[in-house]
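**Q** Attaching a single structure in structure tokens format; questions to follow.
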Amino acid sequence: MLITAPPRRPLKPVPVSHTAASPLYGLAFGLLIGPGMSAPLLADETEPTPPLPDPVTTEHSLELLDGNTLDYQATVGYVPLGESMDEPDARVFTVSYTVDSDEDRPVTFMVNGGPGAASAYLNVGGLGPRVLETDDQGLAASTPPRLVDNPKTWLAFTDLVFIDPVGTGFSRVMGGEADQYYSRDGDLAAMEETLERWLDEYGRRGDPVYLAGESYGGYRAAALPARIAKGSGISLSGTVLISPALDYGMLEHGTARPIGWALSLPAITAAAKAQGRLGDDPPSLDEAEAFALGDYLQGLIHPGQIDDDWIDEVARFTGLSRDRLKATRGRITLDMTQRGLLMDEGRLVSLYDGGIDNLDPVPTHLQPQADAILDGLTAPLSTAMLDHLRNTLDWEHGHQYRLLSRNVFRAWDWEASGREGHFTAMDELATALSLNRDFRIFSVHGEADLITPYFTTEWLLGQIAFAAGDEADSRIIPRAYPGGHMLYMRADTNEALFDDAAAFYQGELRADD
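Just so you know, we're using this note's numbering here: the sequence shown kicks off at 17 and counts up by one.
Okay, here's the thing in structure tokens:
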């Protein structure tokens with residue numbers, strides 16, 4: 017129960033920016049699309065430079081899982097970017113939750129992905145102290161959506177700073193130019209500046225500092241630690257990678273990249289198993305992983321040698337049509353699973369959690385037009401975040417909260433980010449492990465996430481384990497749980513995730529636990 021929250025006021029209407037009802041949008045909430053999709057920045061992406069409002073701090077209390085009461089402060093405000101604080105190039109919107117403590121309490125900076133997604137997903141979606149009420153599948157439990165206290169908030173063991181990258185939430189380009197921020201390097205520079213200024217403003221440089229990022233935010237959380245150590249001189253204690261997109265080459269697949277197809281298969285097995293499409297004696301994920309890197313990968317490498325027995329095995333692990341698998345030589349595209357797994361029922365499997373599905377509203381359309389997670393959560397999360405800001409945190413500033421900004425994604429300069437080459441954060445992550453012997457990685461996935469498959473991340477982290485030396489088991493800790501991309505929105509999974517995350521922050525979690 018929230019004890020000292022301000023009295024509830026009617027929620028003032030605030031325009032919310034949505035994406036079209038297509039899953040072909042971004043990586044924190046959409047699919048990867050290739051270079052050449054960027055577009056000129058729209059006129060409404062910059063704003064004049066009035067003085068930034070002062071931060072607003074409110075006091076709250078929360079009962080945790082163990083029955084203890086946690087008193088905390090919530091601070092909402094902007095971090096100015098650029099040389100001039102009076103006329104900043106951009107403003108970054110942050111929501112911070114902190115607990116008074118005599119100890120060196122950790123602080124974790126959290127960011128979502130896209131690029132173009134605000135941090136409301138991680139904040140009111142599952143990890144903040146007030147969250148959207150959800151059902152057993154992690155979907156909104158009511159209309160209109162309702163906020164409830166979260167006894168599984170990570171605030172129990174770390175202070176939390178939720179960051180909306182420039183162009184998302186209430187963050188905006190102001191006196192600067194959009195191309196300063198809408199590329200890989202520009203975005204990372206803005207994130208680094210945001211962290212540095214927040215830590216200096218609140219005197220927290222001496223405390224343990226962590227990053228946590230989801231999807232493309234996971235890319236940020238992997239690429240930033242080495243950059244920050246060498247640039248701002250901030251030594252991070254660790255990073256939490258939530259359904260991360262660490263290497264685009266592994267996610268985009270392609271005829272010449274059989275390993276990417278192979279690594280995605282266990283997630284398809286998890287989805288098919290959750291949908292009851294693998295019979296009475298379904299294969300385990302351990303079996304799927306062994307098949308993926310064994311016979312399945314060999315067939316992908318030598319497509320001219322595959323036979324009916326091989327196709328039968330692929331069908332056994334995926335629940336998909338033998339004829340379709342034969343036509344694609346065993347390569348399984350996202351749409352094959354999204355539409356093909358439940359085609360006989362006229363239903364679409366969510367790419368963000370293959371265990372969840374919805375009626376295909378336009379089955380004649382080439383591109384599926386609705387995703388139960390991507391599209392189904394946009395309105396509830398937008399409403400919940402605005403309700404939280406206005407009625408709990410007393411924030412009355414800003415207009416048009418952008419949960420998902422298509423403008424940011426379209427304006428993103430992928431070429432300047434080196435995407436025509438090999439777009440990966442693995443080198444930076446290995447460097448962070450090498451530079452700081454205390455730096456640790458906690459990677460978490462939902463087993464049925466088809467967008468960023470869990471086995472892909474586990475394999476990638478295995479390739480840099482050498483950089484962690486003899487302590488790899490305690491410094492690189494991958495976990496997979498029931499659920500999908502936003503695994504923290506499922507109650508059963510979130511409780512297990514909470515326990516593991518608490519152990520990670522306490523230095524008590526190991527890869528072989």
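Built from N, CA and C at the ideal position, the CB exists for glycine as well.
(1) Return the residue from the list G93, Y94 and E79 that minimises the CA-CA distance to D87.
(2) Please identify the residue among G219, D325 and A206 whose C-alpha is closest to the C-alpha of G247.
(3) With respect to the beta strand (DSSP E) encompassing E75, which residues constitute its N-terminal and C-terminal limits?
(4) Taking the beta carbon of E436 as the centre, do at least 16 other beta carbons fall within 10 Å, making it buried, or is it exposed?
(5) Measuring alpha carbon to alpha carbon, tell me which of T110, Y470, V123 and R338 ends up nearest D180.
(6) Expressed to the nearest angstrom, what Euclidean distance is found between the alpha-carbon atoms of A106 and A134?
(7) In whole angstroms, what separates the C-alpha of D515 from that of R491?
(8) Just to check my reading of the structure: Y417 and S398 have Cβ atoms closer than 8 Å, yes? What is that Cβ distance to the nearest angstrom?
(9) Name the DSSP beta bridge partners of H461, please?
(10) Is it buried or exposed for N423, if we count other Cβ within 10 angstroms and need 16 for buried?
(11) In the structure shown, what three-state DSSP assignment does A106 receive?
(12) Is it a yes or a no for the region 118 to 133 touching the region 161 to 181, going by three-plus beta-carbon pairs under 8 Å?
(13) By alpha-carbon positions, which one of P498, A507, I493 and M502 ends up nearest to Y521?
(14) In chain order, what residues of the same chain lie with their CB nearer than 8 Å to the CB of L48, ignoring the 5 residues before and after it?
(15) Considering only their Cβ atoms, is the gap separating T150 from M505 smaller than 8 Å?
(16) Counting pairs of Cβ atoms below 8 Å between the region 295 to 310 and the region 364 to 379, do you hit three or more?
(17) Where does F333 fall in DSSP's three states?
(18) Shortest alpha-carbon distance to L419 belongs to which of T169, G183, D152 and D165?
(19) Can you grab the Cα-Cα spacing for the pair N510 / K168, in whole Å?
(20) Starting from the Cα of I244, find the closest Cα among I275, W277, L204 and V256 and give me that residue.
(21) Restricting to Cα atoms, I'd like to know which of D387, A395, H76 and P122 is closest to G219.
(22) Can you tell me whether N510 is helix, strand or coil according to DSSP?
**A** A quick look at the data gives this:
(1) D87 has its Cα closest to that of E79, out of G93, Y94 and E79.
(2) A206
(3) Counting along the chain, the beta strand (DSSP E) containing E75 begins and ends at V72 to E79.
(4) Note that E436 scores a pLDDT of 47, beneath 50, so its modelled location is shaky; the value from the coordinates is reported in the next line. Exposed is the call here.
(5) Out of T110, Y470, V123 and R338, the CA that lies nearest to the CA of D180 is found in T110.
(6) 16 Å
(7) If you take the alpha carbons of D515 and R491, they lie about 17 Å apart.
(8) So it is a contact: roughly 7 Å between Cβ atoms.
(9) A496
(10) buried
(11) strand
(12) yes
(13) I493
(14) Only weak support is given to the placement of L48: the predicted model assigns it a pLDDT of 37, under 50, and the question is left unresolved by the model.
(15) Their beta carbons are under 8 Å apart, which means M505 touches T150 by this criterion.
(16) no
(17) helix
(18) G183
(19) When rounded, the distance between both Cα atoms is 7 Å.
(20) L204
(21) P122
(22) The answer is helix: DSSP assigns N510 an H, G or I state.
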